[in-house]
Amino acid sequence: MLTRIDHIGIACHDLDATVEFYRTTYGFEVFHTEVNEEQGVREAMLKINDTSDGGSSYLQLLEPTREDSAVGTWLAKHGEGVHHIAFGTPDVDGDAAEIRDKGVRVLYDEPRRGTMGSRITFLHPKDCHGVLTELVTSARVEPDEH
Ligand code: MC0
């Protein structure tokens, strides 16, 4: 069962400059940074709030590490902006199977490694009214030390 918005993924050309914009404009601080080579992104997670199921909601700022990555391709075509939305669930395997049975293309056979030790999969945007949709089961996490 999907219980919350885990994050909104935002594609950007320059991660440091975008982090600085969110910090100075809204006061959001970086909770975690990571490079995910499989996904081809350098990312910063800005925590917005904790949620009632023990999880949290974030903005996820994404800079591509290579032009042929999903975010690199998207940026070249569309420019900066909202790239995907991610719903949190305690059971990404079960929810992905249930959603696949409804005829929506789930992009991975098995969930893959996402940010902060999470397990993730994606639903094809063409089956979701134009929205690239991610399902996330989070790991328990502590903020990075800064
Ligand atoms: C592509 N399309 C999108 C889209 N990306 N529509 C809405 N939102 C997006 N983000 C549309 C295109 O406009 C195009 O429509 C059609 O889908 C095919 O796109 P394409 O440019 O030809 O690209 P494909 O088909 O090679 O790849 C699209 C696909 C890919 C969604 C399969 O981007 C993918 O596998 N995404 C999942 C992985 C991902 O996004 N990773 C980055 C975040 P038209 O009408 O022009 O044909 S990593 C992340 O988020 C991790 C670190 C985490 O959260 O922990």
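Here the sequence shown stands for residues 1268 to 1413, where the numbers follow this note's numbering. We put the beta carbon where it would ideally sit given N, CA and C, even for glycine. Note that the structure is predicted; figures quoted are calculated from it, not measured.
| query | result |
| --- | --- |
| L1328 and C1279 closer than 8 Å at C-beta | yes |
| Contact belief for D1376 with T1404 at Cβ below 8 Å, rounded distance in angstroms | Incorrect: roughly 16 Å between the Cβ atoms, too far for contact. |
| Heavy atom of the ligand MC0 within 7 Å of A1353 beta-carbon | yes |
| CB of T1270 within 8 Å of CB of D1411, strictly | no |
| Distance between I1366 and D1335 (C-alpha atoms, nearest Å) | 28 Å |
| Beta carbon of V1398 nearer than 8 Å to that of I1352 | yes |
| Check: H1299 C-beta below 7 Å from any heavy atom of the ligand MC0 | no |
| Cβ neighbour criterion (16 or more within 10 Å) applied to S1385 | buried |
| Range of the contiguous alpha helix (DSSP H) that encloses H1280 | Careful: H1280 lies outside any alpha helix (DSSP H) and carries neither H nor E. |
| Own chain residues within Cβ distance below 8 Å of G1307, not counting five before or after | P1331, T1332, R1333, D1335, S1336, A1337, V1338 and G1339 |
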